[in-house]
Amino acid sequence: MNRKLFGFLMIVTALGGFFASCSDSDDAADSSTARQFKLALTLEPPTDMQDSASVDANAELVNVQTGKTYTTSDFKKSGEVFTDTLDIPEGTYNVSIDGNISYKIDGTTVKTPVKESETNVRLSPASESEIVVKRIALNSFAKQNGFVISELFYTGTLTKEGKQYSYDQYVKIVNNSDSTLYADGLAFVESSFLSTQQQDYTPDIKNQAMTIDAIYVIPGTGKDYPVKPGQELLLALNAQNHKDLNSNSIDLSKADFEFYNESTNPKISDTDNPDVPNLENWYNYSLTIFMLHNRGFKTYALARPQVDMDTFLKDYYYEFSYTRTSNGNTYNVTQHGYKLPNSWVVDAVNLSVEDSYAWDPVSSTLDKGWTYCGEVDHDNSRYGKAVIRKQANGKYVDTNNSTEDFIPDTTPSLFKK
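Residues in the sequence shown are numbered from 1308 upward in steps of one, following our numbering.
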């Protein structure tokens, strides 16, 4: 090789190493000498938890450049928000919040899991003395759960003699997430209020809780019932082969779970399929057998209760009143149900019919629409029909608007050939 060329290459190589060394040194200096500043991390409760008493949460901030983690958990209430401060170097962070928030509904203290995260958040003060405020809006963990109601067959069928048959009602729920979830502890509930009868209920807790008259919970200790992404679970009101009693019906003897009730009336009893696990009956208004409203005037929902059955029945009792006018006379009516915090609700579906719809029994944050079978009250065409959630791009559509999310008045999936 030409000596001059060799010498030139040696100089270039040396300079390259020099510049690389300088660059590495500068990067190291940038990460080690980043300005320290005080961050005020502020947590905003969800809108239905504005009467919040405390936040018990851990905040984790991971510096994207260095990988170093900073944590804080001593959040204090200031007005309607909760704030904690910590000293960190300026940089870009991934921020995550995980914990619980406590608040009140009609005198009852409710604890609800909350979780939120943000990625690539640039945190840098404009001056050395500035306190940087970063606000994080919390969301209920239940609403991120991934389970949704995929089908409600509530209308029942008709026998060959034209008689109503409702024992073959069923519900399907599906894991609409991308990972395996556990159904243990998931509750199926029915609203106390009808979508066809609007009253001025006092106290009015609709924006904070769903008033229910039935709650059934999937048993298990936490990981007994794994559900894969896209997998459905079948909940039968009665897990029997209904074709034996009604040739127009279906076989539900292979359901995943069944609703079973201890009737107080010896003339009306439930049938228990020993091969199908029973849902845990925490409460239902019926003294005999629980049935879905076969004209579709109720709201049905999935929820994640954050307390056990005894605590729920003791602390979440809800007594309400309203006035009723009949024949020119006004009466004060007092009734009761149970208050299920909206923050525990995973999914909700309002049902009604066109000619009788009056209102949505639950907050619009849970469902701002409604779906149906039949168009008028006592519509005989509703029998043998269901509402089925739409699918798009491999997922079930879930916009919290049942008007848009469901195919109404359609053939139930278990009746399709």
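Even glycine gets a Cβ: it sits at the ideal position worked out from N, Cα and C. Please read all numbers here as calculations on a predicted model, not as lab measurements.
For K1646, there is no enclosing alpha helix (DSSP H); the enclosing beta strand (DSSP E) has its first and last residue at 1636 to 1648.
Non-local beta-carbon contacts of T1706 in its own chain, meaning distances under 8 Å to residues more than five positions away in sequence, involve D1712 in chain order. If you draw a straight line from the Cα of F1460 to the Cα of V1440, it comes to about 50 Å. Taking 7 Å as the cut-off, the beta carbon of N1580 is found closer than this to the beta carbon of E1565. Rounded to the nearest angstrom, the gap between the Cα atoms of S1424 and L1445 is 9 Å.
Judged by DSSP secondary structure, E1468 falls outside any alpha helix (DSSP H); it is assigned neither H nor E. Residue burial is scored here from C-beta neighbours: Q1547 has at least 16 other C-beta atoms within 10 angstroms and is therefore classed as buried. Under the three-state reduction of DSSP output, F1564 falls in the strand class. The criterion of a C-beta distance shorter than 7 Å is satisfied by P1533 and Y1489. A direct Cα-to-Cα measurement between R1631 and G1414 gives close to 26 Å. Within the stretch 1648 to 1712, complete beta strand (DSSP E) segments of at least 3 residues are found at 1652 to 1657, 1693 to 1696, given in chain order. In the DSSP assignment, M1517 falls within the beta strand (DSSP E) that extends over 1516 to 1524.
Residue state for F1619 is assigned as helix, using DSSP reduced to three classes. Distance from the CA atom of S1359 to the CA atom of E1397, rounded to whole angstroms, is 31 Å. Look at A1449 here: in three-state DSSP terms it is helix.
Annotation: Y1623 to D1511 spans about 15 Å, alpha carbon to alpha carbon.
The shortest C-alpha to C-alpha distance from T1717 to any of L1559, K1697, L1393 is the one to K1697. Residue pairing by DSSP places A1494 opposite V1524, A1610 in a beta bridge. Under the three-state reduction of DSSP output, T1571 falls in the coil class, being neither helix nor strand.
R1631 is bridged by DSSP to Y1638. Within the stretch 1415 to 1444, the runs of beta strand (DSSP E) at least 3 residues long that lie entirely inside it are, in chain order, 1415 to 1430, 1438 to 1444. For E1397, DSSP records no beta bridge to any residue.
With a cutoff of 7 Å on beta-carbon distance, Q1538 and N1482 are scored as near each other. With respect to N1601, A1521 sits apart: the two C-beta atoms are not nearer than 7 Å. In terms of Cβ geometry, A1665 and Q1505 form a close pair [threshold 7 Å].
Bridge pairing for G1406: A1364, V1421 [DSSP]. CA-to-CA, the gap between M1616 and I1480 works out to about 22 Å. Leaving aside the five residues that flank S1556 on each side, the residues in its chain whose CB is nearer than 7 Å to its CB run, in chain order, T1464, Y1472, D1475, H1549, K1550.
Secondary structure note for A1347: its beta strand (DSSP E) is the uninterrupted segment 1343 to 1351. A distance below 8 Å between beta-carbons, with the five flanking residues on each side excluded, links A1341 to the following residues of its chain, in chain order: P1396, E1397, G1398. Minimum Cα-Cα distance from T1378 among the listed residues L1393, S1385, G1386 corresponds to L1393. In its chain, beyond the 5 residues on either side, no residue has a beta carbon closer than 7 Å to the beta carbon of T1354.
By the beta-carbon neighbour count (other beta carbons within 10 angstroms, threshold 16), T1376 is exposed. Note that the stretch 1427 to 1434 does not touch the stretch 1668 to 1675; fewer than 3 beta-carbon pairs, one per stretch, sit closer than 8 Å. G1644 sits close to S1499, with the two beta carbons spaced by under 7 Å. Boundaries of the beta strand (DSSP E) around T1378: 1376 to 1379.
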